[in-house]
Amino acid sequence: MVSGQMNGNAARTLPQEAPRPQRRAVRQPAARTRPVPQHALKRTGAILLVLAFFALFATVVTRFAAIEEINAQLDTLKTDLKSAQLETEQLRRQASMGLNLGEVEYRAGTELNMEMPGKDDEVFVTLPEATKAPAAEPEDKTEFKGVFDLLLGLLD
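Taking the working numbering, the leading residue of the sequence shown gets 1033, the next gets one more, and so forth.
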């Protein structure tokens, strides 16, 4: 069947369809935003100001608490220092009482049963080195002299 030969072509003709309309991306107009009313800006500013003052207040309170804690530690350290100073003073008094010669003599006589030596108990010893005349010793140049002595030596 050669019903639809065209240009010597034996193939049958296809029905021609109308081209499909292509959809174009249509931009939607941007939704219009209303301008922010002035009272809303004032409200937001007030809220931010309150939050800033709250943060400042919280910072001050925490710093004050830290200072008070350090002051409490300082007070306990002062108390400890005072008690240590009192103990040191008491130990100094005890040491000075121990160095009192009258107290030492009393304890030696009563607690240790010691007696003072009499004239019969004294013995003198003569040493041969002590009987010799001391030789003139050369001055020791390495001996440290005070600053005042050095200045006097320069003036001579």
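Heads up, the beta-carbon is just placed ideally off N, CA and C, and yes, glycines get one too.
DSSP places Leu1133 in the uninterrupted alpha helix (DSSP H) bounded by Leu1133 to Thr1142. In this structure, the beta-carbon distance from Met1129 to Glu1135 falls below 8 Å. Secondary structure of Ala1078 (DSSP, three-state): helix. Under the three-state reduction of DSSP, Glu1154 is assigned to coil, being neither helix nor strand. For Val1058, there are no CB contacts under 7 Å within the same chain when 5 residues up- and downstream are skipped. Secondary structure at Arg1124: helix, using DSSP grouped into helix, strand and coil. DSSP places Thr1045 outside both helix and strand once states are collapsed to three, so it counts as coil.
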